[in-house]
Amino acid sequence: MSQLPIMILQTLNLQNFRNYKQRSFSFSNNTTVIIGDNGAGKSNILEAIYLLGTGKSFRAEKDEQMILYGQEFGRVSACLRRQAASEVDLEVVLTKPKRFFINKAAKKMRDFVGQLNCVLFRPEDINLVLGSPSGRRAYLDSVLEPVDREYRRCNLSYQKGLRQRNKLLERIRDGEVNRNQLLFWDNLLIKNGTIISQKREEFLSWLKLEYDPSRISPLRLNQYAREEVLAATTLVGPHRDDFRFIVQRPGKAAKDLSIYGSRGEQRMAVLGVKLGEFEFVWEKAGERPLLLLDDIFSELDHENREGIFKLIKKQQTIITTADKHLIPRNIKLDIKIINIEN
Numbered sequence: 001m002s003q004l005p006i007m008i009l010q011t012l013n014l015q016n017f018r019n020y021k022q023r024s025f026s027f028s029n030n031t032t033v034i035i036g037d038n039g040a041g042k043s044n045i046l047e048a049i050y051l052l053g054t055g056k057s058f059r060a061e062k063d064e065q066m067i068l069y070g071q072e073f074g075r076v077s078a079c080l081r082r083q084a085a086s087e088v089d090l091e092v093v094l095t096k097p098k099r100f101f102i103n104k105a106a107k108k109m110r111d112f113v114g115q116l117n118c119v120l121f122r123p124e125d126i127n128l129v130l131g132s133p134s135g136r137r138a139y140l141d142s143v144l145e146p147v148d149r150e151y152r153r154c155n156l157s158y159q160k161g162l163r164q165r166n167k168l169l170e171r172i173r174d175g176e177v178n179r180n181q182l183l184f185w186d187n188l189l190i191k192n193g194t195i196i197s198q199k200r201e202e203f204l205s206w207l208k209l210e211y212d213p214s215r216i217s218p219l220r221l222n223q224y225a226r227e228e229v230l231a232a233t234t235l236v237g238p239h240r241d242d243f244r245f246i247v248q249r250p251g252k253a254a255k256d257l258s259i260y261g262s263r264g265e266q267r268m269a270v271l272g273v274k275l276g277e278f279e280f281v282w283e284k285a286g287e288r289p290l291l292l293l294d295d296i297f298s299e300l301d302h303e304n305r306e307g308i309f310k311l312i313k314k315q316q317t318i319i320t321t322a323d324k325h326l327i328p329r330n331i332k333l334d335i336k337i338i339n340i341e342n
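Numbering (the UniProt record's numbering), first residue to last: 1 to 342.
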């Protein structure tokens, strides 16, 4: 058995969560493989863990979608153990609004997030290359908010300020108020937006991805003043950021993988990003994050599956798969198998 990680997820308890009425799971200190047919609820387990780490689902648009049909609430709880052998109990109760608890004490979401750091890799991550800028911005937030309290605070303040500024722009357009009332919100967005952009740039530089920022400043707000009033929306700022997957090979022109990349190149680029994300979260959090691999082995060739299993020797990993034969046999790991039936 390899050395224990700094933080391990020991147990997970689900009540009225997705397709689980009541179910508990315990995990290996190293690698746990969850095997089951499609639709059996494998990904629901990873979703519950991700909820404990980030306070959000990676797929539900509304919290009530995570509650077992016909039930009024759902509950997800877990026990963590850290390096000092101290145990931490985390709990999320799915009601309106969600409630968060650390060791039975009620917490605000901003104080709860980051207790359980995890990195999720699933087939849908190909949308980082092929999807919309809003999806890529959501990815940046999902990585940075749990490990950077200042980013989390600035982003929350920025989003609230953005909504207020857009409402004010609409009132200016309709002749109800004058532009002077924008000054407070301009300053708030500039202050927080500058910090958000700096931290996103740091992360994307770590990943060696090309940042396409929408900088916010008094000059740019003034430049777009007329257009913003007509559109009744803020046209500059990190809420319009993007980033790109650019490959530059010696002697060849730069290639944008979203346009010119093969499916294999796009898959490998996303894999590289997720591995870079793992190292970044480890660096920022000061402890190895939990690695969650959701049915990704069907998307990778044999060589890359072998590479993944060499990587996961160093930290706790939870894997889902519908086909146990995709797991390389020649790699010796402390593997625990959990079989899920429909």
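Ideal Cβ positions, reconstructed from N, Cα and C, are used throughout, including at glycine. Just so you know, these numbers come straight off a predicted model, no measurement behind them.
Exercise. Note the first and the last residue of the continuous alpha helix (DSSP H) segment covering Val147.
Key: 133 to 147
| query | Near Thr233, what residues of its chain come up, given a Cβ to Cβ distance below 6 angstroms and the 5 sequence neighbours on each side ignored? | reply | Asn166
Alpha-carbon to alpha-carbon, Phe101 and Leu94:
12 angstroms
Requested in this report: Starting from the C-beta of Ala60, find all residues in its chain whose C-beta is less than 8 angstroms away, skip the five residues before and the five after it, and write them out in chain order.
Outcome: Glu47, Met66
- Query: At what residues does the beta strand (DSSP E) containing Thr31 begin and finish?
  - Reply: 31 to 36
Can you confirm whether the region 157 to 165 touches the region 120 to 138 when touching is taken to mean that 3 or more C-beta pairs between the two stretches lie within less than 8 angstroms? no
Quick one: using the 10 Å Cβ neighbour count with 16 as the cut-off for buried, is residue 344 buried or exposed? This structure gives no information on residue 344, because the portion of the chain shown stretches from 1 to 342.
**OP:** Check each candidate in Arg149, Phe25, Cys79 and name the one with the smallest Cα separation from Val281.
**Re:** Arg149
Suppose contacts are defined by Cβ-Cβ distances below 9 angstroms. Is Ser214 in contact with Pro238 by that definition? yes
* To do: State buried or exposed for Arg226, treating a residue as buried only when at least 16 other CB atoms are found within 10 Å of its CB.
  => exposed
Whole angstroms are fine: how far does the CA of Thr54 sit from the CA of Gln266?
26 angstroms
Shortest alpha-carbon distance to Ala327 belongs to which of Asn187, Phe25, Leu293?
-> Residue identity differs from the one stated: residue 327 is Ile in this sequence, not Ala. The candidate whose alpha carbon is nearest that of Ile327 is Leu293.
**Prompt:** So what does DSSP say about Thr194, is it helix, strand or coil?
**Reply:** helix
Runs of alpha helix (DSSP H) lying entirely within the region 249 to 274, each at least 4 residues, in chain order
257 to 260
Practice task
Return helix, strand or coil for Tyr20, following the three-state DSSP convention.
Solution key: strand
Helix, strand or coil for Thr54? Go by DSSP, reduced to three states. helix
Using the C-alpha atoms, what's the distance from Thr320 back to Glu91?
23 angstroms
Residue interval of the beta strand (DSSP E) (run including Leu80)
74 to 81
- Query: Which residue comes first and which comes last in the alpha helix (DSSP H) that contains Leu219?
  - Reply: 218 to 223
Proximal residues to Cys118 (C-beta, below 7 angstroms), its chain only, five neighbours per side dropped:
Ile49, Tyr50, Gly53, Pro289, Leu290, Leu292
| request: Confirm, please, whether the CB-CB distance from Thr11 to Ile318 is below 9 angstroms. | output: no
* Would you identify the three-state DSSP class for Tyr69, choosing helix, strand or coil? => coil
(request) Using 10 angstroms around the beta-carbon of Ile337, count the other beta-carbons present and answer buried if the total reaches 16, otherwise exposed. (result) exposed
- Item | Length of the line joining the Cα atoms of Leu182 and Gln198 | 24 angstroms
Just reading off the alpha helix (DSSP H) that Val88 is part of, what are its end residues? Unbroken run through Val88 is the beta strand (DSSP E), 87 to 94; no alpha helix (DSSP H).
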